[in-house]
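K.L.:
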Amino acid sequence: MHSSQIISLFCFSVVSRLRSIQLGWSLQASTCPSGATSCGNGACCPSSLFCITNANDEVDACCTTNSACRGSIEGDPVCADSSWSLWKGFQGNGFCCEVGLNGVYDSANSVAGTCVSGSPPAGYTTAVISTTTTSTTSGSTGKPVFFHYMIGTITDAHCETDIQDAMALGADAFALNLNTDTASWAIDTVTSLFNWAETLGFKLFFSFDMTGFTNPDQFTSYLLSYVTSSAYYQYDGLPLVSTFNGGASSFTFGQDSVNDGWKVELEEVMANAGYPIYFVPAFQDVTITGSFFDTYPSLNGAMNWNSWPQNTQGDIIVPTTDDVTLETAAHAVGKTFLMGVSPLQFKHIDTGDNWYRRGEQNLEYRFGQVLNLQPDFIELQTWNDAGESHYMGNSWPEPIVGTAIVAYTEDYDHTGYWQLLPSFIKAWKSGATTTSTMYPTNGAIAQGTFWHHTLLAAGTCPDDSLGPPQGVDTVEDRVTAGILVAAGQTGLSAIVTSGSTTLGTQSLSPGFNGFSFLGMTTGTVSVKVVNSAGATVISGTGPIAVVSTAALCNYNFQVVALTS
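One point on numbering: in the working numbering, the residue at position 217 of the sequence shown is 1147, and numbering is uninterrupted.
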């Protein structure tokens, strides 16, 4: 997609909204449009507002009274007329252009920017478009759902299957976690994914893994080669780009700050090439605070990667503290928030990668948390990260063959989550704020799955050289179930059995029923849903029995779909 097309898409988004006049930045134009008055200095404000002279490398401000409102606009940058397009120029300062024109700036002039048609004049730099309105023509649905997807050695046929399966669940795109753009296995897999996405009508975008890259200049050329693909996901008419990590103090890339590093080395590079991006990283490597966007003002939004409690928090329900903090900070300055959803985290590879982050009381609560908080988009973590055990899609053998990961993921299929995900995604996209309308999607009166560990919390694994994972003290002998009940259906209940012991019975209501019982013991685990007459409606039994001693300290989840 060319820059003119990007601008056209953006313009469609802007003009389709209800036009509003508000305090904001002035329009940069030699001749003011109808309804606007010249401020001098090539700036225009709506006729109902006051021009306030520029300062601090900024353009004139348009205020509702004849007194300075510059500070308010700096905190929440907008155009004084919502039909104008907002750009970020010199020093990250905002300015506005008429739709169809491009924002540019010349650092020697010490002003935010000006507007031109076509390419920037000699000595000028293309500014970055800055807007948060979703365009329905951009490939965004308004309630986007992504799966985080680890790039590994994946066959072409499996790439096709992954995309087909994700589409069937209702997902909009894969966020491709890429930590190299030079390895042949990565290049081949990305090529296959984009080929199939273009063929099947799916979307993809990159989430650059900064544990593998040290500077954006290592991947900007690669990114540019894909943003023109019809399969590249766009938000607000701009290619969406994310990261894993990249917020720590080491990521300045030769600039004065981390924010300037990303702004200069990624955002400006892409904009200067004609493809400004919509940048929503997951800075998992820094603490989330209410001043997040004061530190990183050039971002369009941000993701909270932490979808699990910290080990130091003990046996708690997955918290939303960081989600609320980041969402509040984002929306206060007109930016977007990406919320993660994940079942657990367990890694057991070597002494440096041997940890557990609590999955008990997690996924069954996360659905409701997302619907309540209403983030701008959600990312399911993950589709295929077998190494951390939070794969919710297909886990193919080829990317992990010959690794320690096989030992704790083989035979631990997680596609049982698919009994729940389409209903959750449907509820999310419908604008539901609770799980009460999460009904079965297979036409049955009940649908669901359950999950649990197969090694007891106090279990032993004497032959495992790594020993129990860090965080094992948060493991519980708990069986969790998620069951969907059709609207108007009453009289159903679920019975959970561990070995020869009935752990409990749960009455079920229409919508989503998430519940768990402690006391799991050795032996097989089973769950069944019965009607008021005691007849079984759906049921399932875990193929792997729970043990108290094992060869491997494996705290992955066994996920079992309930069938009729």
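Glycine included, each C-beta is placed from N, C-alpha and C at the ideal position.
Where in the stretch 1101-1175 do unbroken runs of the alpha helix (DSSP H), each at least 4 residues long, occur, reported from the N-terminal end onward?
P.N.:
1114-1130 and 1150-1154
K.L.:
Looking at the secondary structure, which residues open and close the beta strand (DSSP E) in which residue 1280 lies?
P.N.:
1275-1280
K.L.:
Is it buried or exposed for residue 986, if we count other Cβ within 10 angstroms and need 16 for buried?
P.N.:
exposed
K.L.:
Residue 1138 and residue 1097 look like a contact to me (Cβ under 8 Å); what is the Cβ gap, rounded to whole Å?
P.N.:
Not a contact, Cβ separation roughly 24 Å.
K.L.:
Quick one: grab the DSSP three-state call for residue 1089.
P.N.:
Reduced to three states, the DSSP call for residue 1089 is helix.
K.L.:
Starting from residue 1383, trace the beta strand (DSSP E) in both directions and tell me its first and last residue.
P.N.:
1376-1383
K.L.:
Below 6 Å CB to CB, which residues in the same chain sit around residue 1384 once its five sequence neighbours on both sides are set aside?
P.N.:
Same-chain partners within the cutoff: 1474, 1476 and 1488.
K.L.:
Relative to the alpha-carbon of residue 1054, which residue among 1060, 1041, 1185 and 1036 has its alpha-carbon at the smallest distance?
P.N.:
1036
K.L.:
Residue 1479 to residue 1406, Cα distance in whole Å?
P.N.:
In this structure, the straight-line span from the alpha carbon of residue 1479 to that of residue 1406 is close to 16 Å.
K.L.:
DSSP on residue 1357, reduced to helix/strand/coil?
P.N.:
helix
K.L.:
Hey, how far is the Cα of residue 1414 from the Cα of residue 1373?
P.N.:
Rounded to the nearest angstrom, the two C-alpha atoms are 11 Å apart.
K.L.:
Between the Cα of residue 1041 and the Cα atoms of 1159, 1031 and 1057, which residue gives the shortest distance?
P.N.:
The shortest C-alpha separation from residue 1041 is found at 1057.
K.L.:
Compare the beta carbon distance of residue 1076 and residue 1105 with 9 Å and say whether it is the shorter of the two.
P.N.:
yes
K.L.:
Using 8 Å as the cut-off, can you tell me whether the stretch 1386-1404 makes contact with the stretch 1421-1432, which would need three or more C-beta pairs spanning the two stretches below that distance?
P.N.:
no
K.L.:
Given a threshold of 16 other Cβ atoms within 10 Å of its Cβ, counted over all protein chains shown, does residue 1072 qualify as buried or as exposed?
P.N.:
exposed
K.L.:
Bridge partners for residue 1079 per DSSP, in chain order?
P.N.:
Residue pairing by DSSP places residue 1079 opposite 1106 in a beta bridge.
K.L.:
The beta strand (DSSP E) spanning residue 1233 covers which residue range?
P.N.:
1231-1234
K.L.:
At the level of alpha carbons, what is the spacing between residue 1090 and residue 1392?
P.N.:
42 Å
K.L.:
Sorted by chain position, which residues of the same chain lie with C-beta nearer than 8 Å to residue 1423's C-beta, five sequence neighbours on each side aside?
P.N.:
1435, 1436, 1437, 1438, 1459 and 1460
K.L.:
Rounded to a whole number of angstroms, what is the C-alpha to C-alpha distance between residue 1145 and residue 1418?
P.N.:
Separation of residue 1145 and residue 1418 (C-alpha to C-alpha, rounded to the nearest whole angstrom) is 56 Å.
K.L.:
Taking the alpha-carbon positions, what's the residue 1342 to residue 1330 distance?
P.N.:
14 Å
K.L.:
For residue 1112 and residue 977, what's the separation of their Cα atoms in angstroms?
P.N.:
55 Å
K.L.:
Count the other CB atoms, across all protein chains shown, that sit within 10 Å of the CB of residue 1267; report buried if there are 16 or more and exposed otherwise.
P.N.:
Residue 1267 should be labelled buried.
K.L.:
Who pairs with residue 1341 in a beta bridge, going by DSSP?
P.N.:
BP columns for residue 1341 are empty, so no partner.
K.L.:
Quick one: grab the DSSP three-state call for residue 1317.
P.N.:
helix
K.L.:
Around the C-beta of residue 1130, are 16 or more other C-beta atoms found within 10 angstroms, so that it is buried, or is it exposed?
P.N.:
Result: exposed.
K.L.:
Can you look up residue 976 in the DSSP assignment and give me helix, strand or coil?
P.N.:
strand
K.L.:
Looking at residue 1232: is its Cβ nearer than 9 Å to the Cβ of residue 1222?
P.N.:
Going by C-beta atoms, residue 1232 is nearer than 9 Å to residue 1222.
K.L.:
Mind checking which residues open and close the alpha helix (DSSP H) that includes residue 1225?
P.N.:
1222-1225
K.L.:
Taking the beta carbon of residue 1246 as the centre, do at least 16 other beta carbons fall within 10 Å, making it buried, or is it exposed?
P.N.:
Counting Cβ neighbours within 10 Å, residue 1246 comes out exposed, since fewer than 16 surround it.
K.L.:
If you check the beta carbons only, do residue 983 and residue 974 fall under 9 Å apart?
P.N.:
No, the pair does not count as a contact, with Cβ atoms beyond the cut-off.
K.L.:
Leaving out five residues before and five after residue 962 in sequence, what residues of the same chain have Cβ atoms less than 7 Å from its Cβ?
P.N.:
968 and 974
K.L.:
Let me know if residue 937 comes out buried or exposed under the rule of 16 or more other beta-carbons within 10 Å of its beta-carbon.
P.N.:
With a pLDDT of 33 at residue 937, under the threshold of 50, the predicted position of this residue should be treated as unreliable, though the coordinate-derived value follows. Residue 937 is buried by the Cβ-count criterion.
K.L.:
In the structure shown, what three-state DSSP assignment does residue 1228 receive?
P.N.:
coil
K.L.:
Classify residue 1022 as helix, strand or coil using the three-state DSSP reduction.
P.N.:
helix
K.L.:
Pick out whichever of 1356, 1371 and 1125 has its Cα sitting closest to the Cα of residue 1349.
P.N.:
1371
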